[in-house]
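So the protein sequences, as listed, match chains A and B.
Going by this note's numbering, the first residue of the first sequence is number 5, and it counts up by one from there.
Going by this note's numbering, the first residue of the second sequence is number 42, and it counts up by one from there.
Presented below is the structure to which this report refers.
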Amino acid sequence: MATNLQFIKSVEVTSSTSSIDIDNVFTDNYDVYFISLTGFGTTSTQQTRLYLRYIDSSGSVESGSTYDYATLRMFAGSSFTEANSTTATYQQFSQIDQSPEGAGLSFYVFNPFDSSSYTFLTFQMASNYGSSFLGTKGIGVEHTAQSHRGFQILEISTRPFNSGTVSVYGVK
Amino acid sequence: MAGALVLVDEFTISSAVSSVTIGGGSSGSSSYNFAIDSTYNVYKLVQNNVTGVGDDTTLRFRFTVSGTPDSSSNYDKAVEKLRADTGFNQSSNENYNYGRLSASGTGTGTSEVTNSTYYLFNFPNSSEYSFITGEEVMLSYSPTLFGSQGGAVLTVAQATDGIQFYMDSGNIDSGEFKLYGLKK
């Protein structure tokens, strides 16, 4: 069967860290990318939330207040909530926790390498933390007309992760 | 460059069946005898034109362990139900003995079917829970346009190797199921 998804790169977390760079994955070969995260787990029993920041064409992590996002957080054990921002310094995803709890995350990135357009993202995530299930759907944009060559996955609560794999695919 | 979305199992219902198992090795519905394993980090499942024999029957699933459906009361799920006729609904539950992401019951009228895409995470990892995310569009038995966005988890640290689909009542009348591995 012909497919339109082409593998670019996988990066594995092998030691405790609060951020991991997936650099030099966006090029002019593709306009749209599919990215999966699996097996992410924290080093302690305290959950943390994952975020994304893009890496610009010079290799710097974009941490300005140029991220907008909107997410729907669907809890199995309580009411759903919404989270959004127009001045964030990152794209917000959702929770991970220590194994065997954890998460699966997939997202599409649109036009990250095009220096004349903003970079858009849609994502879906399934998490289990604190013995409760959370499904999250979300969208986001980094509203700077600039080229991105990669991205960083991070957490900001000083609750590092020590496992997980990030895989990047181009959509032809 | 070769594609990274690799078809590993598929099954099309040709006559009504009580269940369909995708993956699950030799217990699977197809002749592929494929069991989800660590060959791929993430799997994608596409389900098309699924409907029950009876009116207002809803698709459920269970993950399989060595081909056998896990019917323990350890499935949690949360979905947002979208619908064309009125406001959206939140739907969630914990500790059920099955998973369900479908928003409503299928029907026997024209195109009263459910269509979904799913991503499967951590299935082959025996020390992790098994996660699924899903997106659905369907025409219910009413008929009304429904959809769902959400996910589920089986909170047992074990390796799972497939998914069994079945209706809450009666047989599955039609449907096409395709499982892909995402090449590492």
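In this text, a Cβ means the ideal position worked out from N, Cα and C, and glycines have one as well.
Sorted by chain position, which residues of the same chain lie with C-beta nearer than 8 Å to residue i's C-beta, five sequence neighbours on each side aside?
i: F129/B; result: E121, K122 and L123
Can you have a look at residue i and say buried or exposed, based on whether 16 or more other CB atoms are within 10 angstroms of its CB?
i: Q50/A; result: exposed
i: G134/A; result: exposed
i: N166/B; result: buried
i: A92/A; result: buried
i: G68/A; result: exposed
i: N163/B; result: buried
i: T151/B; result: exposed
Given residue i, which residues of its chain have a CB within under 6 Å of its CB, disregarding the five upstream and five downstream residues?
i: F124/A; result: F114 and V145
i: I39/A; result: F111 and V172
i: S131/A; result: S98, Q99, A107 and L138
i: T148/A; result: T70
i: M127/A; result: With the sequence shown as reference, residue 127/A is identified as Phe, and Met is not the correct amino acid for it. Closer than 6 Å at Cβ, skipping near neighbours: F111 and G142.
i: S168/B; result: A198
i: G216/B; result: I54, N90 and V91
Please tell me whether residue i has its Cβ less than 7 Å away from any Cβ of chain A.
i: Y160/B; result: yes
i: G140/B; result: no
i: K225/B; result: yes
i: S71/B; result: no
i: K82/B; result: Here residue 82/B is Asn; the residue named in the question, Lys, does not match the sequence. Answer yes: the Cβ-Cβ gap between N82/B and chain A drops below 7 Å somewhere.
i: A198/B; result: yes
i: T201/B; result: no
i: E51/B; result: no
Could you tell me which residues DSSP pairs with residue i in its beta bridges?
i: N132/A; result: G106/A and F137/A
i: F117/A; result: According to DSSP, F117/A bridges with nothing at all.
i: T91/A; result: Answer is none; T91/A lacks a bridge partner.
i: I143/A; result: A74/A and T126/A
i: T169/A; result: E16/A and T42/A
i: Q10/A; result: G174/A
i: I63/B; result: I204/B
i: E177/B; result: S157/B and S189/B
i: Y112/A; result: F38/A and T126/A
Could you tell me whether any Cβ in chain B is nearer than 7 Å to the Cβ of residue i?
i: N132/A; result: yes
i: Q10/A; result: yes
i: Q128/A; result: yes
i: E159/A; result: no
i: Y173/A; result: yes
i: A92/A; result: no
i: T46/A; result: no
i: F117/A; result: no
i: S167/A; result: no
With a threshold of 7 Å on Cβ separation, who are the neighbours of residue i within its own chain once the five nearest residues in sequence on each side are excluded?
i: K229/B; result: Residue 229/B falls outside the range modelled here, since chain B spans only 42 to 225, and no answer is possible.
- [ ] Let me know the beta strand (DSSP E) ranges lying completely inside the region 66–148 of chain B, each 3 residues or longer, listed in chain order.
- [x] 83–93, 100–106, 116–124 and 130–137
- [ ] Pick out the complete beta strand (DSSP E) segments inside the region 192–221 of chain B, 3 residues or longer, and give them in chain order.
- [x] 203–208
Task: Sequence ranges, beta strand (DSSP E) only - wholly within the region 17–99 of chain A, length at least 3 - done: 23–26, 36–46, 52–60, 71–79 and 85–92
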